[in-house]
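As given, the protein sequences belong to chains A and B, one line each in that order. The first sequence begins at 151 in my numbering and counts up one residue at a time. The second sequence begins at 143 in my numbering and counts up one residue at a time.
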Amino acid sequence: MDIRAELLSLLRENARYTTVDLARMLGTDESEVTEQIEALEAEGVLKGYQAVVDWRRTDEEPVRALVECNVTLDRETGYDDIAARLVGFPEIQSLRLVSGEYDFSLTVEADSMGEVSRFVSEKVAPVPEITQTVTHYLMESYKERGFEFGDGHDDDRLSVSP
Amino acid sequence: MKISERVERVPPSGIRRFFELTEELDDVISLGVGEPDFTAPWSAREAAIDSLERGRTSYTANRGMAALREAIAERSRERYDLDYDPDEEVLVTAGASEAIDVAFRAFVDPGDRVAIAQPSYVSYVPGVTFAGGEPVPIPTGEADDFELTAEALREHGAADAEALVFCYPNNPTGATMSKQDLEPIAAFAREHDLTVLADEIYADLTYEGDHTSIATLPGMRERTVVFNGFSKAYAMTGLRLGYALAPPEAITAMNRVHQYSMLSAPTTAQHAAIDALDNCDDAVVEMRSQYDRRRRFVLSRFDEMGIDCFTAKGAFYVFPESPWEDAEAFAEALLDAEGVAVVPGDVFGAGGEGHLRVSYATGMNELREAMDRIERFLD
Ligand SMILES: Cc1ncc(COP(=O)(O)O)c(C=O)c1O
Numbered sequence: 151m152d153i154r155a156e157l158l159s160l161l162r163e164n165a166r167y168t169t170v171d172l173a174r175m176l177g178t179d180e181s182e183v184t185e186q187i188e189a190l191e192a193e194g195v196l197k198g199y200q201a202v203v204d205w206r207r208t209d210e211e212p213v214r215a216l217v218e219c220n221v222t223l224d225r226e227t228g229y230d231d232i233a234a235r236l237v238g239f240p241e242i243q244s245l246r247l248v249s250g251e252y253d254f255s256l257t258v259e260a261d262s263m264g265e266v267s268r269f270v271s272e273k274v275a276p277v278p279e280i281t282q283t284v285t286h287y288l289m290e291s292y293k294e295r296g297f298e299f300g301d302g303h304d305d306d307r308l309s310v311s312p
Numbered sequence: 143m144k145i146s147e148r149v150e151r152v153p154p155s156g157i158r159r160f161f162e163l164t165e166e167l168d169d170v171i172s173l174g175v176g177e178p179d180f181t182a183p184w185s186a187r188e189a190a191i192d193s194l195e196r197g198r199t200s201y202t203a204n205r206g207m208a209a210l211r212e213a214i215a216e217r218s219r220e221r222y223d224l225d226y227d228p229d230e231e232v233l234v235t236a237g238a239s240e241a242i243d244v245a246f247r248a249f250v251d252p253g254d255r256v257a258i259a260q261p262s263y264v265s266y267v268p269g270v271t272f273a274g275g276e277p278v279p280i281p282t283g284e285a286d287d288f289e290l291t292a293e294a295l296r297e298h299g300a301a302d303a304e305a306l307v308f309c310y311p312n313n314p315t316g317a318t319m320s321k322q323d324l325e326p327i328a329a330f331a332r333e334h335d336l337t338v339l340a341d342e343i344y345a346d347l348t349y350e351g352d353h354t355s356i357a358t359l360p361g362m363r364e365r366t367v368v369f370n371g372f373s374k375a376y377a378m379t380g381l382r383l384g385y386a387l388a389p390p391e392a393i394t395a396m397n398r399v400h401q402y403s404m405l406s407a408p409t410t411a412q413h414a415a416i417d418a419l420d421n422c423d424d425a426v427v428e429m430r431s432q433y434d435r436r437r438r439f440v441l442s443r444f445d446e447m448g449i450d451c452f453t454a455k456g457a458f459y460v461f462p463e464s465p466w467e468d469a470e471a472f473a474e475a476l477l478d479a480e481g482v483a484v485v486p487g488d489v490f491g492a493g494g495e496g497h498l499r500v501s502y503a504t505g506m507n508e509l510r511e512a513m514d515r516i517e518r519f520l521d
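Structure (structure tokens):
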């Protein structure tokens, strides 16, 4: 694997690895790691770094919903145009064009169910090309971006073994 | 009750003592673990579940399921150039452990000398003793990066041994041996007509260079038994599945012991193993690359602490020099003061003194914390 690919895989595993540790793991030096990260950021490959939070364990669990959207296109309007109208809303955490029964899949986040519904009915549904929305409220998260949300099972290996 | 003299002769294991010390404390980060921290790939576990749901709960053929022996033979041929007939030259066992034990009992007569390259996995010496043989330790040392040399074999009396046991990539040192370095060992074995028992259970965990099996060297196939298994590369320790590859007469002899002691390896595990070979290559590659990063991390940290450690290239251990002359005292003090468990090298026999076995089969966060604690302890 080349160093960029390995670097990306390490940062996906844990974006908080220090450059020193990344250098150690990759068998290279810190300046090389810094340089590569800067290049990846500049090229827009590395878009940002976020924590994976299990909100259930906090007092401020936001309400999240998956919203399916169907659209009709015409000569003037393509998927990108519709997406451009939606991406700016801070309530929308992710916006993806998907294949299958519907066209766009959105993750919407707000403080209450009311806010989510209002947002979908007042901001998303009125977009002229959007013909239908179906909202699924997220009830429980078991896994997010590769991290399992259970209590995790303890390491039950013997502490010292052959 | 009378205990046999053979059993009386084998002292309790040093590993066990360290385990007990560790158990008395809370908040211990253990770098003393000789097994993967990963879980077996889901696909293999699923195959085990499926086999149970279908009620595959009977014994299999003594030598193991035909489909598994075929998959093992094919894999060994493709990856390591080890060409064995699945019907006559493969024996599936309950872990490599059983294969090793069965081999000692099949090949060792009372009083036979069995040379064992050390530091070594802790079961070889007792295994030879239980079989009535005489273990002959052959120390390897840091000067040779813990590789076995023909000089060491000569010097420590392997010439009049019946058999030679070694393991590369090695537990506890992480040392590997290249084809070139194996050649003089093969020549020695041919010259002195030694049976070679090669434990290659860590073959798939080789990080630099390719693994070479001594059985592929000229004139070696007919005198070598290769051990391997699913515990390490596939993180399937608890499923207890291993195997031996050897010429027909050797497998027949080993199977004679195996069929009366074990009958057959666990059936559920055999189903999991078939799936592991069919579907889990990606998981092995992923686990290996994670071990490799941790290996580099640990080596680099020791280097910065000024702790001397040769570059281990396989398995999931490094074997640094103990900062104190008395490695056991160091390991105990480190455990006591900082709650980090490492295993003193003495436990693994000749050549291990003054060293520590540090396993990196532990998540990066814990590993980093453990290395920080070691550094703090040294200050
Ligand atoms: C060198 C070596 N051989 C064999 C074994 C045992 O393997 P298995 O689980 O297949 O019995 C181990 C386990 O630690 C080992 O380190």
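Each residue gets a CB set at the ideal place from its N, CA and C atoms; glycine is no exception.
Closest Cα partner of residue i within the set the options
{"i": "Met506/B", "options": "Met175/A, Asp152/A, Arg154/A, Pro276/A", "result": "Met175/A"}
{"i": "Val202/A", "options": "Asp305/A, Arg307/A, Lys293/A, Asp306/A", "result": "Lys293/A"}
{"i": "Asp304/A", "options": "Ile171/B, Glu342/B, Gly316/B, Pro279/B", "result": "Ile171/B"}
{"i": "Thr274/A", "options": "Leu216/A, Asp301/A, Gly296/A, Phe299/A", "result": "For clarity, residue 274/A is Val in the given sequence; the question names Thr instead. Per the Cα distances, Leu216/A."}
{"i": "Ser291/A", "options": "Val213/A, Glu193/A, Leu190/A, Pro240/A", "result": "Val213/A"}
{"i": "Ala300/B", "options": "Glu220/B, Arg196/B, Val278/B", "result": "Val278/B"}
{"i": "Ala215/B", "options": "Gly448/B, Thr199/B, Leu233/B, Ser200/B", "result": "Leu233/B"}
{"i": "His286/A", "options": "Gln200/A, Asp301/A, Val270/A, Ile153/A", "result": "Val270/A"}
{"i": "Glu250/B", "options": "Val270/B, Thr315/B, Ala454/B, Ser320/B", "result": "Checking the sequence, you will find Val at residue 250/B rather than Glu. Measuring from the Cα of Val250/B, the nearest candidate turns out to be Val270/B."}
{"i": "Arg190/B", "options": "Phe458/B, Arg382/B, His497/B, Arg518/B", "result": "According to the sequence as given, residue 190/B is Ala; it is not Arg. Out of Phe458/B, Arg382/B, His497/B, Arg518/B, Arg382/B has the C-alpha closest to the C-alpha of Ala190/B."}
{"i": "Gly238/A", "options": "Gly264/A, Val258/A, Asn220/A, Val221/A", "result": "Val258/A"}
{"i": "Pro312/A", "options": "Leu173/B, Leu295/B, Ala411/B, Met404/B", "result": "Leu173/B"}
{"i": "Ala457/B", "options": "Tyr349/B, Thr394/B, Arg296/B", "result": "Tyr349/B"}
{"i": "Phe519/B", "options": "Glu508/B, Gly283/B, Ala292/B, Phe472/B", "result": "Phe472/B"}
{"i": "Ser155/B", "options": "Glu511/B, Val267/B, Tyr222/B, Asn370/B", "result": "Val267/B"}
{"i": "Leu247/A", "options": "Glu241/A, Ala234/A, Pro240/A", "result": "Ala234/A"}
Within chain A, partners of residue i - CB distance below 7 Å
{"i": "Glu177/B", "result": "Arg307, Ser311"}
{"i": "Tyr95/B", "result": "The question about residue 95/B has no answer, for chain B in this structure spans 143 to 521."}
{"i": "Ser442/B", "result": "Arg174"}
Residue i (DSSP reduced to helix, strand or coil)
{"i": "Leu405/B", "result": "coil"}
{"i": "Gly274/B", "result": "coil"}
{"i": "Leu224/B", "result": "coil"}
{"i": "Arg307/A", "result": "coil"}
{"i": "Ile187/A", "result": "helix"}
{"i": "Asp171/A", "result": "helix"}
{"i": "Glu163/A", "result": "helix"}
{"i": "Glu495/B", "result": "coil"}
{"i": "Leu383/B", "result": "coil"}
{"i": "Glu212/B", "result": "helix"}
{"i": "Val277/A", "result": "coil"}
{"i": "Gln412/B", "result": "helix"}
{"i": "Val524/B", "result": "Residue 524/B cannot be examined here, being either before or after the span of chain B that is shown, 143 to 521."}
{"i": "Gly174/B", "result": "strand"}
{"i": "Arg437/B", "result": "helix"}
{"i": "Leu359/B", "result": "coil"}
{"i": "Ser255/A", "result": "strand"}
Chain B contact residues for residue i, given Cβ-Cβ distances below 9 Å
{"i": "Arg162/A", "result": "The contacting residues do not exist; Arg162/A stays about 12 Å from chain B at best."}
{"i": "Asp304/A", "result": "Simply none; closest approach about 12 Å."}
7 Å Cβ cut-off: residues of chain B touching residue i
{"i": "Gly177/A", "result": "Arg438"}
{"i": "Asp171/A", "result": "Phe439, Arg510"}
{"i": "Arg295/A", "result": "Neighbours of Arg295/A on chain B: none; closest Cβ ~17 Å, over 7 Å."}
Within chain A, partners of residue i - CB distance below 8 Å
{"i": "Glu165/B", "result": "Ser309"}
{"i": "Ile157/B", "result": "Val310, Ser311, Pro312"}
{"i": "Val170/B", "result": "Ser309"}
Partner residues on chain A for residue i, Cβ-Cβ distance less than 9 Å
{"i": "Phe160/B", "result": "Ser309, Val310"}
{"i": "Ala483/B", "result": "Ser309, Val310"}
{"i": "Gly174/B", "result": "Leu308, Ser309, Val310, Ser311"}
Touch test, the region 210-224 of chain B against the region 411-419 of chain B, Cβ-Cβ under 8 Å, three pairs minimum: yes
At least three beta-carbon pairs within less than 8 Å, the region 395-406 of chain B to the region 178-193 of chain B: no
The region 247-261 of chain A touching the region 269-289 of chain A, judged by at least three CB pairs closer than 8 Å: yes
Contact set, ligand 1 heavy atom to C-beta under 6 Å: Pro312/A, Gly176/B, Gly237/B, Ala238/B, Ser239/B, Tyr263/B, Cys309/B, Asn313/B, Asp341/B, Ile343/B, Gly371/B, Ser373/B, Thr379/B, Gly384/B
Cβ contact (3+ pairs, closer than 8 Å) linking the region 439-459 of chain B and the region 232-246 of chain B: no
Contact between the region 428-439 of chain B and the region 467-477 of chain B (3+ Cβ pairs under 8 Å): Contact fails between the region 428-439 of chain B and the region 467-477 of chain B, because fewer than three Cβ pairs, one in each stretch, are under 8 Å apart.
Three-pair Cβ contact test at 8 Å for the region 192-202 of chain B versus the region 346-364 of chain B: Short answer: they don't touch.
At least 3 beta-carbon pairs within less than 8 Å: the region 221-239 of chain A vs the region 185-198 of chain A: no
At least 3 beta-carbon pairs within less than 8 Å: the region 305-320 of chain B vs the region 249-263 of chain B: yes
Contact the region 319-328 of chain B vs the region 461-471 of chain B: 3+ CB pairs below 8 Å: no
At least 3 beta-carbon pairs within less than 8 Å: the region 421-433 of chain B vs the region 488-497 of chain B: no
contact_flag[the region 216-230 of chain B, the region 454-463 of chain B] where n(CB pairs < 8 Å) is 3 or more: no
Three CB pairs or more closer than 8 Å across the region 285-297 of chain B and the region 322-331 of chain B: yes
Inter-stretch contact at 8 Å, needing at least 3 Cβ pairs: the region 329-349 of chain B / the region 482-489 of chain B: no
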